[in-house]
Amino acid sequence: MKIEIFRRAPFVDREQEIDFLVEWFNRVPQRILWVYGPKSSGKTTVMEYVVENYLLKDKKRFWVKYFNLRETVISSYDSFLDTFFVELEKSESEKGARIGINVFGFKSEVWERIKEKKINLFKAFIEELWKIRGKEKRCVMIIDEIQKLRDLYIKNGNGARELLKEFLNFCVRLTKETHLSHVAILTSNTIFIERIYNDAKLKKTSEFWKVDPLKKERVREWLREEGFGEEEIGLVWEYLGGCIPDLIKVIEARKSGRDLKEHLEREAWLAYTEIVDFMVRGDFTEKDIEMFEKIAEEILQKGYFELTKEKREYLKIIETWAEKEILFYDPLELKVTGNSRVYEKAMERVVGEQ
Ligand SMILES: Nc1ncnc2c1ncn2[C@@H]1O[C@H](COP(=O)(O)OP(=O)(O)OP(=O)(O)O)[C@@H](O)[C@H]1O
Ligand SMILES: [Mg+2]
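If you read the sequence shown in the numbering used here, its first letter stands for residue 278, the second for the next number, and so on.
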């Protein structure tokens, strides 16, 4: 298996995912790409890998902006504006907006008018993109951690909500209508994306693409190269599945001479205490707890809990646990699993205690 160094850390090959993204960005933009998947499944890393190794290496053809909202708090029009955009100094605008890939720069005169809402931000942005496209470039906009916009969406008044809707409709305009730019939106919070995309009526204009944890075969190859035996690999798979950061941790633990089973049991124990802690503090009724236990049982029996219309009363509890990043809800398949395998291992203990 190919393991290369990316950003000073080993990068386990994600050939299929890379191929998909490279092909997607090479096509004419038609739809927004929603990249989703369980927590830490590797969405950001694979996207950044493609940006650095493919798109930025072909600057003649691609123009890329990568907005990562992780570090930001967006609660108003002004903070929204400051997250995505900057005012260009005169000298910068003369040089042609060479300000890195994380923000977009407007010339001072345009910036002032946007700030004062004298011109529409999105209209001004589209005009700028047309100029770039005029140079025969393919534009790619990536927005990571979109759930950070939730404050804007949930807590604020209608004005802020409208801003988010306007932004999403702008993304539709960029892709489906003008084919001016790709838009890829990344998140592990599927509850949030389902809500916004239903609300902004984005179904026909979206493509959902899931980044799963590593498959068993990949995990086996990786661990073999790290010197694990077959039995050890089986044990690791049972406790940690294909969750990359958990696998990195177990490799480190083994290198430092820790007993494998002990390490894995400890990880499952910590996941279990996280679940119990949330049960204790989470303001749940007896019925809520029972419902969680039912979900856990079904996951343990079938590998997933299936949300059917008869089980619709479970949705709220699924959402609560998904927000806590203990369950993962796939809105396309209507299936619920642990956010990573170790939580499912922890569920064995929860169910066993009933
Ligand atoms: N292909 C890979 N090879 C090695 N390490 C990886 C790989 N993909 C991800 N990782 C590591 O796993 C961790 C989680 O990855 P990443 O942040 O990309 O996941 P994510 O799906 O974006 O997570 P989140 O749901 O929090 O946004 C990171 O520490 C990252 O360096
Ligand atoms: Mg991420």
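Using N, Cα and C, we set each Cβ at its ideal position, and we do this for glycine too.
The region 306-315 in contact with the region 443-463 per 3-pair CB rule at 8 Å: yes
Under three-state DSSP, which class holds K571? K571: helix per DSSP, three-state reduction.
Nearest-angstrom Cα separation, counted from K586 out to L451: 36 Å
Determine the closest residue to E509 out of R535, Y591 and E484, with distance taken between C-alpha atoms. When only C-alpha atoms are compared, the closest one is R535.
Looking at the secondary structure, which residues open and close the beta strand (DSSP E) in which E638 lies? One cannot answer for residue 638 here, as it falls past the ends of the chain, which runs 278 to 631.
Given a threshold of 16 other Cβ atoms within 10 Å of its Cβ, counted over all protein chains shown, does Q424 qualify as buried or as exposed? Buried, since its Cβ has 16 or more Cβ neighbours within 10 Å.
Y516 vs E471 beta-carbon contact at 8 Å: no
Taking the C-alpha atoms as reference points, what is the distance between W301 and S318? Cα to Cα, W301 sits roughly 20 Å from S318.
Looking at the unbroken alpha helix (DSSP H) that takes in D554, where does it start and where does it end? L537 to R558
By the three-class DSSP mapping on this structure, what secondary structure does Y581 have? Y581 falls in the coil class under three-state DSSP.
For F361 and F383, which I take to be in contact (beta-carbon distance under 8 Å), what is that distance rounded to the nearest angstrom? 10 Å between Cβ atoms; not a contact.
Regarding R495 and ligand 1, is the C-beta to nearest heavy atom distance less than 7 Å? A distance criterion of 7 Å places the beta-carbon of R495 beyond contact range of ligand 1, judged by its closest non-hydrogen atom.
Pick from E502, S483, D335 and M278 that is closest to P306, judged by C-alpha positions: For the options E502, S483, D335 and M278, the alpha carbon positioned closest to that of P306 is the one of S483.
Excluding the five sequence neighbours on either side, which residues of its own chain have a C-beta within less than 7 Å of the C-beta of D335, listed in chain order? Cβ neighbours of D335 beyond the five flanking positions: none.
Do three or more CB pairs link the region 598-606 to the region 546-560 at distances below 8 Å? yes
Closer than 7 Å: R589 CB and nearest ligand 1 heavy atom: no
Let me know the secondary structure DSSP gives R338 once reduced to three states. In this structure, R338 counts as coil in the three-state DSSP scheme.
Considering only DSSP beta bridges, list what E281 is partnered with. F288
Around the C-beta of K372, are 16 or more other C-beta atoms found within 10 angstroms, so that it is buried, or is it exposed? Note that K372 has pLDDT 48, beneath the 50 cutoff, so the model's placement of it is unreliable and the number below is only indicative. By the neighbour-count rule (16 or more Cβ atoms within 10 Å), K372 is not buried but exposed.
According to DSSP, which residues form a beta bridge with D346? Reading off the sequence, residue 346 comes out as Leu, not Asp. None, per the DSSP bridge assignment.
Report whether the distance from the Cβ of A461 to the nearest heavy atom of ligand 1 is below 7 Å. no
For C448, three-class secondary structure by DSSP: helix
So is the beta-carbon of I468 under 7 Å away from any non-hydrogen atom of ligand 1? no
With DSSP as the reference, label L426 as helix, strand or coil. helix
Is P287 near ligand 1, in the sense that its beta carbon is under 7 Å from a heavy atom of that ligand? yes
Provide the residue span of the alpha helix (DSSP H) that contains K320, from first to last. Unbroken alpha helix (DSSP H) run through K320: K320 to V327.
Can you determine whether any heavy atom of ligand 2 sits closer than 7 Å to the C-beta of T321, and answer yes or no? yes
Using the rule of at least 16 other Cβ atoms within 10 Å of the residue's Cβ for burial, across every protein chain shown, is G519 buried or exposed? buried
With distances taken Cα to Cα, identify the nearest neighbour of R410 among M418, R495, W340 and F399. Its Cα nearest to that of R410, the residue W340 stands out among M418, R495, W340 and F399.
Check for me: the alpha helix (DSSP H) holding L512 runs from which residue to which? Segment E507 to L517, the alpha helix (DSSP H) holding L512.
Is it the case that the region 617-628 contacts the region 548-557, given that we only count it when at least three CB pairs across the two stretches are under 8 Å? yes
Sequence-distant residues of its chain with Cβ nearer than 7 Å to R291 (five each side left out): G319 and V323
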